[in-house]
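For what it's worth, our numbering labels the leading residue of the sequence shown as 495, then goes sequentially.
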Amino acid sequence: MNLRRVLRRPAPRTLRGRLSLVAVTTAALLMTVLTVVFNAVMDRHLQHQADDELRNRAAAVATTVDTSGPRVRVLETVNDRFLDANVWIYAGTRLLEKPPSATADSPLTRAADRLAARHRHACATVHADGDEPVRLCSRPERGRHVNATVVTALDLSPYRSSAGTLLLGSLILDAVMLGCTYVLTRLAVGRALRPVRTMTDQATEWSAVGSDDRFGDEEHPAELARLGTSLDALLDRIRTVLRHEQQLTGELSHELRTPLTRIIIELDWWRARPRSEAETRATHEVISEAAQSMRTICDTLLNDARDNALHPPATAPGTTDVVPVLDRLIHHLDTPQGVEATVESEAPTLETGAAPALLERIISPLLTNAARYARSSVTVSARRLPGAVRIDVVDDGAGVPGAFAAELFQPGRRADPGDGHDGAGLGLPLARRLARAVGGEVSYDPVHTPGARFTVNLPAG
Numbered sequence: 495m496n497l498r499r500v501l502r503r504p505a506p507r508t509l510r511g512r513l514s515l516v517a518v519t520t521a522a523l524l525m526t527v528l529t530v531v532f533n534a535v536m537d538r539h540l541q542h543q544a545d546d547e548l549r550n551r552a553a554a555v556a557t558t559v560d561t562s563g564p565r566v567r568v569l570e571t572v573n574d575r576f577l578d579a580n581v582w583i584y585a586g587t588r589l590l591e592k593p594p595s596a597t598a599d600s601p602l603t604r605a606a607d608r609l610a611a612r613h614r615h616a617c618a619t620v621h622a623d624g625d626e627p628v629r630l631c632s633r634p635e636r637g638r639h640v641n642a643t644v645v646t647a648l649d650l651s652p653y654r655s656s657a658g659t660l661l662l663g664s665l666i667l668d669a670v671m672l673g674c675t676y677v678l679t680r681l682a683v684g685r686a687l688r689p690v691r692t693m694t695d696q697a698t699e700w701s702a703v704g705s706d707d708r709f710g711d712e713e714h715p716a717e718l719a720r721l722g723t724s725l726d727a728l729l730d731r732i733r734t735v736l737r738h739e740q741q742l743t744g745e746l747s748h749e750l751r752t753p754l755t756r757i758i759i760e761l762d763w764w765r766a767r768p769r770s771e772a773e774t775r776a777t778h779e780v781i782s783e784a785a786q787s788m789r790t791i792c793d794t795l796l797n798d799a800r801d802n803a804l805h806p807p808a809t810a811p812g813t814t815d816v817v818p819v820l821d822r823l824i825h826h827l828d829t830p831q832g833v834e835a836t837v838e839s840e841a842p843t844l845e846t847g848a849a850p851a852l853l854e855r856i857i858s859p860l861l862t863n864a865a866r867y868a869r870s871s872v873t874v875s876a877r878r879l880p881g882a883v884r885i886d887v888v889d890d891g892a893g894v895p896g897a898f899a900a901e902l903f904q905p906g907r908r909a910d911p912g913d914g915h916d917g918a919g920l921g922l923p924l925a926r927r928l929a930r931a932v933g934g935e936v937s938y939d940p941v942h943t944p945g946a947r948f949t950v951n952l953p954a955g
């Protein structure tokens, strides 16, 4: 584990650094291969140049060797001293002439003897005194009666010096190229990643405030266009989550307001003056019932939000007898003085495929609005339809203004915010959303008069 950490530590943390390192490593490997190949080719080329020089000198010396007679003769020429430098002449394997500076048992003479014994064109490299490389090449001359061999030698130090200079120059060039590769790669990658950094900053800013701005189909390379599409989808999901969070917060606030108000009123009434034991017990029962109602509201809305997030749209489990739930809601309905609320059902038992708590949350906003605006009566009727249960909530109030009917189920909208009634415009949207969560619907009948009629259709249990 420690070795793995040590091996991982030198890796750059930024993408630009990693790509620069990869580019430099790749360039270094490529330049190493090219440098080795280049210097090997140059060594071969210099050696061929040296061999050509030796063959030319051997050919020049061969013009002074006479093999036409019964024995080999070396002719004297004007350039005799130049031609005798580093030249061995053999008659067969017998040495006729050698350089003045070479001895009979020197490494160069022994190497020349071996080349002369081959009786063919051949070359060899020998390290003479001082470890300096010397190249030798032989040239056979065949006569009618005798054969001769000319061996020439050439010091390879200048050629090796040229090869060393080429190697050093190539290494310096490699270092400069690697440095340029690293700098140019960092600049190019940094410039290429600049739009990504800009898009990331914009996405971070937009996601924090739930902005409607998107990258869309701007002119970007294919990779950045795909990134923009992915970021747009992510921003849409974030916006949806924020909207659901705001919606859930508003719905909880809206639904908890009524039981919380009941608790506050009971506490204020109980503290106003000393109460009897029976009155205190009644207050405790009201507070307990309101607290239980708050708990049920929280569980219902949170479970619905969780189900919608995991498996939209979700179907709430369980079945419920509609009539007892409606009776209970009517019994606890806070109706103004002079307004009577009644329940009508065509059958004593009507089951729907929704949990009791969820059914209460669907019907409660409709009953609250009906009691708030009714003049004298609120009627809740339930009847069976093929595969469904229909619940109508009817009041005899002024009804919904025609101009506002289209906005009735939009969150936060109220027909008359200054009508003196407390409300946030979230009850009807919540009722429709919860009904649709179980495969039902909440609708408004715009032609019903007088008053208003809201219809809830839920799947049969």
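Glycine included, every Cβ here is placed at the ideal spot set by N, Cα and C. As the structure is a prediction and not an experimental result, all values here were calculated from the model.
query: With respect to the beta strand (DSSP E) encompassing Ala616, which residues constitute its N-terminal and C-terminal limits?
result: It spans Ala616 to His621 - the beta strand (DSSP E) in which Ala616 sits, taken as one unbroken run.
message: Residues in the same chain with beta-carbon distance under 8 angstroms from Trp764, minus the five sequence neighbours each way, listed in chain order, please.
response: Glu773, Thr774 and Thr777
- request: List in chain order: all unbroken beta strand (DSSP E) runs of 3+ residues lying wholly within the region 825 to 898.
  value: 834 to 839, 871 to 879 and 882 to 889
query: Between the region 596 to 614 and the region 518 to 534, are three or more C-beta pairs nearer than 8 angstroms?
result: no
message: Taking the straight line between their C-alpha atoms, what separation do you get for Lys592 and Tyr676?
response: 58 angstroms
Per DSSP, the bridge partner or partners of Val559: Val568
- request: Going by CA-CA distance only, name the one from Arg769, Asp599, Ala522 and Pro627 that's closest to Cys544.
  value: First, the amino acid is wrong: residue 544 is Ala here, not Cys. Nearest to Ala544 by alpha-carbon distance, out of Arg769, Asp599, Ala522 and Pro627, is Pro627.
- request: Find out if the Cβ-Cβ distance for the pair Val874, Val817 is shorter than 7 angstroms.
  value: No, they are not a contact pair.
Environment of Pro923 [buried if 16+ CB atoms lie within 10 Å]: Around the CB of Pro923, 16 or more other CB atoms lie within 10 Å, so the residue is classed as buried.
Cross-strand partners of Cys674 (DSSP beta bridge): Looking at the DSSP assignment, Cys674 forms no beta bridge with any residue, so it has no partner.
Continuous alpha helix (DSSP H) assignments of at least 4 residues falling wholly in the region 637 to 718: 651 to 703
Leu650 versus Val566: straight-line alpha-carbon distance, rounded: 31 angstroms
Chain-order list of residues whose beta-carbon lies under 6 angstroms from that of Ser937 (same chain, five-residue window excluded): Thr949
message: Quick check: what's the CA-CA separation for Leu718 versus Pro689?
response: Those two C-alpha atoms are separated by around 8 angstroms.
message: Contact defined as beta carbons within less than 8 angstroms: I believe Val644 pairs with Arg654. What is the distance between those atoms, to the nearest angstrom?
response: Actually they are not in contact, since the Cβ atoms of Val644 and Arg654 sit about 25 angstroms apart, beyond 8 angstroms.
query: Which residues in the same chain as Met536 place their Cβ atom closer than 7 angstroms to its Cβ, once the five residues preceding and following it in sequence are excluded?
result: Ala657 and Leu660
field: Counterpart residues of Cys631 in DSSP-defined beta bridges
entry: Cys617 and Thr646
message: Can you tell me whether Ala954 is helix, strand or coil according to DSSP?
response: strand
- prompt: Whose CA, out of Thr679, Ala579 and Arg636, lies closest to the CA of Val516?
  reply: Thr679
field: Rounded straight-line distance, which links the Cα of Ala841 to that of Asn951
entry: 16 angstroms
message: Taking DSSP's pairing of strands, which residues face Trp764 in a bridge?
response: Its beta-bridge partners do not exist; DSSP assigns none.
query: Which residues bound the alpha helix (DSSP H) around Leu928?
result: Gly921 to Ala931
query: Asp479 and Ser870 look like a contact to me (Cβ under 8 angstroms); what is the Cβ gap, rounded to whole Å?
result: Outside the shown range of the chain, which is 495 to 955, sits residue 479, and nothing can be said about it.
field: Cross-strand partners of Ala585 (DSSP beta bridge)
entry: BP columns for Ala585 point to Arg588 and Ala642.
query: How about Arg512 and Gly684: do their beta carbons lie closer than 7 angstroms?
result: No, they are not a contact pair.
Val780 versus Gly921 - alpha carbon distance: If you draw a straight line from the Cα of Val780 to the Cα of Gly921, it comes to about 23 angstroms.
message: Can you check which of these residues, Gly832, Asp668, Pro830 and Leu725, is closest to Leu524 by C-alpha distance?
response: Asp668
Contact check, Ala946 vs Val894, beta carbons under 7 angstroms: yes
Cβ-based neighbour list, Thr587, same chain, cut-off 7 angstroms, excluding 5 preceding and 5 following: Ala610 and Ala611
query: Would the beta-carbon of Leu630 fall within 7 angstroms of that of Ala618?
result: yes
Burial state of Asn550, where buried means 16 or more other Cβ atoms lie within 10 Å: exposed
Helix, strand or coil at Thr520 [DSSP, three-state]: helix
Minimum C-alpha distance to Ala929 - residue among Val872, Glu854 and Ser514: Glu854
message: Is the beta carbon of Leu844 closer than 7 angstroms to that of Arg878?
response: yes
message: Please report the straight-line C-alpha distance between His979 and Gly563, rounded to a whole angstrom.
response: With the chain running from 495 to 955 in the structure shown, residue 979 is simply not present.
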